[in-house]
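Peer 1:
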Amino acid sequence: MGTLFTITLYAPNGPAAEAAAGAAFKRIDALEDIMSDYQADSELMRLCDQPFGKPVALSADLFDVLERAQRIARLSDGAFDATIGPYVRLWRFARKRKVLPSPAELAAAQEAVGWRKLRLDHRARTATLLVPNMRLDLGGIGKGYAADQAMRVLKGRGLPHALIAASGDIVAGDPPPGQPGWKVGIAAFGTRTNQIARTILLRHAAISTSGDSEQFIEIGGIRFSHILNPATGLGLHHHRPRRHHHRQPGHHCQHPRCQTRPRAGQLLSAHCGSGGHAGRRARAEPYLPPLQAPGISCRLTCFISELKSGLGSRRMCGMRPSHLGAKLLIVLAITAGASSSSLFADTVAFNDAKPGGLPPPWIGTQTGKGEAKWSVEKDPDAPGNTCVLKQSGQADYPVCIKDDVSLKNGYVEVRFKPVSGKEDQAGGLIWRVQDKDNYYVCRANTLEDNVVLYKTVAGKRSALDIVGRKGGYGVKAPVAPAQWHILRVELKDGRFGVILDGKRLFEVEDSTFRNAGKAGMWTKADSVTLFNDFSYGTGN
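Quick note, the sequence shown lines up with residues 808 to 1347 if you use the numbering used here.
#1: Once you ignore the five residues that flank ILE835 on each side, which residues in its own chain have a CB closer than 6 Å to its CB?
#2: Drop a sphere of 10 angstroms on the beta-carbon of GLU1178, count the other beta-carbons inside from all chains shown, and report buried for 16 or more, exposed for fewer.
#3: Check whether the Cβ atoms of GLU1230 and ALA1332 lie closer than 8 Å to each other.
#4: Any idea what DSSP makes of VAL938, helix, strand or coil?
#5: Buried or exposed, going by whether 16 or more other CB atoms sit within 10 Å of the CB of ALA1251?
#6: From ASP1210 to ASP840, what does the alpha carbon distance come to, in whole angstroms?
#7: To the nearest angstrom, report how far apart ASP1272 and SER1182 are at their CA atoms.
#8: Restricting to runs no shorter than 3 residues, where is the beta strand (DSSP E) found entirely within the stretch 811-880?
#9: Is the Cβ-Cβ distance between VAL895 and LEU1035 less than 8 Å?
#10: Can you look up GLY1171 in the DSSP assignment and give me helix, strand or coil?
#11: Distance, Cα to Cα, SER1199 vs TRP1329?
#12: Quick check: is any heavy atom of the ligand HEM less than 7 Å from the C-beta of ARG899?
#13: Let me confirm a value: ALA827 is counted as buried when at least 16 other C-beta atoms fall within 10 Å, else exposed. Which label applies?
#14: Thinking C-beta only, is LEU1236 closer than 8 Å to LEU1307?
#15: With burial defined as no fewer than 16 other Cβ atoms inside 10 Å of the residue's Cβ, what is the status of PRO1205: buried or exposed?
#16: With distances taken from CA atoms, which of VAL1335, ALA876, LEU907 is nearest GLY1228?
#17: For CYS926 versus THR935, is the C-beta spacing smaller than 8 Å?
#18: Unbroken beta strand (DSSP E) runs of length 3 or more, entirely within the stretch 919-999: which are they?
#19: Can you have a look at LYS1176 and say buried or exposed, based on whether 16 or more other CB atoms are within 10 angstroms of its CB?
#20: Ends of the alpha helix (DSSP H) at PRO1166?
#21: Assign GLU1230 to one of three DSSP states: helix, strand, or coil.
#22: Taking PRO893 as the reference, which of GLY829, ASN940, THR815, ARG904 has the closest Cα?
#23: Taking the straight line between their C-alpha atoms, what separation do you get for ALA914 and ARG1276?
#24: Could you say which of ARG1302, PHE859, ALA1287 lies nearest to TYR1247 if we only look at CA atoms?
#25: Name, in chain order, the residues that DSSP records as bridge partners for THR1354.
#26: Please work out which residues of its chain come closer than 7 Å, Cβ to Cβ, to ILE891, disregarding the five sequence neighbours upstream and downstream, and give them in chain order.
#27: Can you check which of these residues, PRO822, THR1253, LYS861, is closest to VAL1286 by C-alpha distance?
#28: With distances taken from CA atoms, which of SER974, VAL1296, VAL906, ASP1244 is nearest ASN1216?
Here you go:
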């Protein structure tokens, strides 16, 4: 990735902040070893060095990011393309020599470029390069993915009020206490200063901007950006006559997409690649508001870490001494005496839990007969995590309840993977839980390829009608086995909206359970299911 990562976060004390930031940077550093095309021994480069036509087993992280890249390539009809590596190599030489690649060089590189020339096998978790001389490049998605993973580390440690900036890729978690969001400044076009042209507020979102203000080359009166067009192999460009010193207004690629999935950067790259123009300047920088809020006493601490301190001689964030003077910046906003707030959000990852049991305040039980078996177990295949929550017993309805939650409106969400089961293979969420026999439940089922929302009253489960439709049994939706899925339910009084893998499926209205309650996870019968990243909160 070769860039600077900064983390701004709120924590109850200094040690907690430093420990969380250190863990997040360690996660970024591990992803640098996986995704970098500057390291000859990175996992990505080892994949590129394999003979073409040979399936290569990948780590969960590399497969995950390649899968995301291929999905965006399909959606953008190739405007975003992770196989653009041969063009990238040519362009790096061109920038040094200040001479465009020759038509013969571009034609030779073109033979090895094209997202359809990369084959991914979900079941075997392998990648196959289908033609010779392919080189993959994750420059348009890697920083955003790493920032996303670092945010998950912070949330897993109970510090969701954070902002992570990886150059122009910014990921925002919960806003600063008492603030509506993180204020992010967009630098002005047509200037080399950091003057802020406009600001936006971000929370639970990501933004990426890019342009040719710093990385460019001018050849033959044409200014070429570092952003390459996969269709031509050349940098995006504006025609600029030599006699003019001002920049033509032209079409500026100002296309930030504020959403958590797909990650910042990849949709922007796809948008730029389809237009043939480079933005003059579109740099997003965190523009931090005064660290004061009602009822909160704050102080700002800047902590400069040398590479040889803290984590030993191992580099952090993919930085080498020649890049940034061997320094990393961690910004810690430490709060004390924070007052309670009506807004909250939390994400529970199980990678820090001790394998073999259930960490408090989780309660593993079941509705009906049988014996559920809930336990934290190691799983190196889980993206970004080393441990997951597993249900491997057999009962009518195994449930795992987070006992310290009191939630009425907001959302619940979980990542789950159905592993096996003859009678059932399902993952589900429960909310407004009064006890183990009374709650709402939404589940996604692999054996039936559908998603259904129920109410469970006195241990008896009954499906609820979908808004706008009477009768029926949920909706059909693909729930692939042995793959991770994300199930989310948004709660507003008596109305519940269901989302699977980012696709909104249906809404249900019911008023059986009007009061706030606990929340948790659910399976059925002999379903062996893995869970992680359990999220809940009052925000959207």
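Just so you know, even glycine gets a beta-carbon here, dropped at the ideal spot from N, CA and C.
Peer 2: This is what the structure gives:
#1: Along the sequence shown, read from residue 1 onward, the residue named residue 835 stands at position 28. Around ILE835, the same chain offers PHE812, ALA953, ALA957, CYS1124 as residues with beta carbons nearer than 6 Å, after the five sequence neighbours per side are excluded.
#2: Counting from one through the sequence shown, the residue named residue 1178 turns up at place 371. By the neighbour-count rule (16 or more Cβ atoms within 10 Å), GLU1178 is not buried but exposed.
#3: Looking up residue 1230 in the sequence shown gives position 423. Looking up residue 1332 in the sequence shown gives position 525. For the 8 Å CB-CB criterion, GLU1230 and ALA1332 form a contact.
#4: Numbered from its first residue, the sequence shown carries residue 938 at position 131. Coil at VAL938, not helix or strand.
#5: As a first step, residue 1251 must be located in the sequence shown, where it is residue number 444. The residue is buried, with at least 16 neighbouring Cβ atoms inside 10 Å.
#6: Counted from its first residue, the sequence shown places residue 1210 at position 403. Counted from its first residue, the sequence shown places residue 840 at position 33. Cα to Cα, the separation comes out at about 39 Å.
#7: Here residue 1272 refers to the residue found at position 465 when the sequence shown is read from its first residue. Here residue 1182 refers to the residue found at position 375 when the sequence shown is read from its first residue. Cα atoms of ASP1272 and SER1182: separation of roughly 34 Å, rounded to the nearest angstrom.
#8: Within the stretch 811-880, the complete beta strand (DSSP E) runs of at least 3 residues are 812-818.
#9: Residue mapping note: residue 895 aligns to position 88 of the sequence shown, counting from 1. Residue mapping note: residue 1035 aligns to position 228 of the sequence shown, counting from 1. Going by C-beta atoms, VAL895 is nearer than 8 Å to LEU1035.
#10: For the purposes of this step, residue 1171 is identified with residue 364 of the sequence shown, where counting begins at 1. Strand.
#11: Walking along the sequence shown from the start, residue 1199 turns up at place 392. Walking along the sequence shown from the start, residue 1329 turns up at place 522. Spanning the two alpha carbons is a distance of roughly 12 Å.
#12: Because no ligand of any kind appears in the structure shown, any question about the ligand HEM cannot be addressed here.
#13: The count along the sequence shown starts at 1 and reaches residue 827 at position 20. That one is buried.
#14: Sequence index remark: in the sequence shown, residue 1307 carries index 500 (1-based). Sequence index remark: in the sequence shown, residue 1236 carries index 429 (1-based). In this structure, LEU1307 keeps its C-beta atom at 8 Å or more from the C-beta atom of LEU1236.
#15: Reading the sequence shown from its first residue, position 398 is the one you call residue 1205. Buried: at least 16 other Cβ atoms inside 10 Å.
#16: As a position in the sequence shown, residue 1228 is number 421, starting the count at 1. Nearest neighbour of GLY1228 by Cα position, chosen from VAL1335, ALA876, LEU907, turns out to be VAL1335.
#17: What you label residue 926 is simply residue 119 of the sequence shown in a count that begins at 1. What you label residue 935 is simply residue 128 of the sequence shown in a count that begins at 1. In the sequence under discussion, the amino acid at residue 926 is Arg, which differs from the Cys named in the question. A contact, by the Cβ cut-off of 8 Å.
#18: 925-928, 933-936, 969-973, 976-979, 989-994, all fully within the stretch 919-999.
#19: Working through the sequence shown from its first residue, we reach residue 1176 at position 369. Residue environment: LYS1176 is assigned as exposed (fewer than 16 neighbouring CB atoms within 10 Å of its CB, all protein chains considered).
#20: The residue given as residue 1166 occupies position 359 in the sequence shown. First-last for PRO1166: undefined, no H or E at that position.
#21: Taking the sequence shown and counting its residues from 1, the one referred to as residue 1230 is at position 423. Residue state for GLU1230 is assigned as coil, using DSSP reduced to three classes.
#22: One-based indexing of the sequence shown puts residue 893 at position 86. Put simply, of GLY829, ASN940, THR815, ARG904 the residue whose alpha carbon is nearest the alpha carbon of PRO893 is ASN940.
#23: What you label residue 914 is simply residue 107 of the sequence shown in a count that begins at 1. What you label residue 1276 is simply residue 469 of the sequence shown in a count that begins at 1. Taking the straight line joining both Cα atoms gives about 56 Å.
#24: The count along the sequence shown starts at 1 and reaches residue 1247 at position 440. Nearest option by C-alpha distance: ARG1302.
#25: Given a span of 808 to 1347 for the chain in the structure shown, any question on residue 1354 remains unanswerable.
#26: Taking the sequence shown and counting its residues from 1, one reaches residue 891 at position 84. Non-local beta-carbon contacts of ILE891 in its own chain, meaning distances under 7 Å to residues more than five positions away in sequence, involve VAL920, ASP944, LEU1035, PRO1037 in chain order.
#27: Taking the first residue of the sequence shown as 1, we reach residue 1286 at position 479. Of the residues PRO822, THR1253, LYS861, the one whose Cα lies closest to the Cα of VAL1286 is THR1253.
#28: Numbered from 1 along the sequence shown, position 409 holds the residue referred to as residue 1216. When the alpha-carbon of ASN1216 is set against those of SER974, VAL1296, VAL906, ASP1244, the nearest one is in VAL1296.
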